[in-house]
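Q: Sending over a structure as structure tokens; questions will come in a sec.
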Amino acid sequence: TASLEEKMRFGIALGGAAYMLCTEDSLALQSAPIEETRVALVTILTGLLAPVGASFETED
């Protein structure tokens with residue numbers, strides 16, 4: 411079972427990617443080449459979805 415942080419990271423990553431792709435179309439922006447877009451998305455999503463090495467602790 412995924413932790414809350416993993417679920418949030420996944421949702422933010424996919425939501426952000428979908429937003430970027432839809433906004434480009436709805437704002438009639440010039441599209442980037444497909445291969446360039448694919449490479450950028452894979453790189454960014456890999457970074458967002460990779461487990462974080464450091465743990466965050468909160469102080470009470």
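Residue numbers 411 to 470, in our numbering, belong to the letters of the sequence shown in order.
By construction, the Cβ of each residue, glycine as well, lies at the ideal position given by its N, Cα and C atoms.
#1: May I ask you to report which of helix, strand or coil DSSP gives Ser-441?
#2: Taking only three categories from DSSP, how would you classify Ser-413?
#3: Using the C-alpha atoms, what's the distance from Leu-431 back to Pro-420?
#4: Assign Ser-465 to one of three DSSP states: helix, strand, or coil.
#5: Is Ala-460 helix, strand or coil when you go by DSSP?
A: Quick answer:
#1: In the three-state DSSP reduction, Ser-441 falls in the coil class, being neither helix nor strand.
#2: coil
#3: In the sequence as displayed, the identity of residue 420 is Phe instead of Pro. Using only the alpha carbons, I get a separation of about 17 Å.
#4: At Ser-465 the pLDDT is 47, less than 50, meaning the model places this residue with poor confidence; the figure from the coordinates comes in the next sentence. Note: Ser-465 maps to coil in three-state DSSP.
#5: coil
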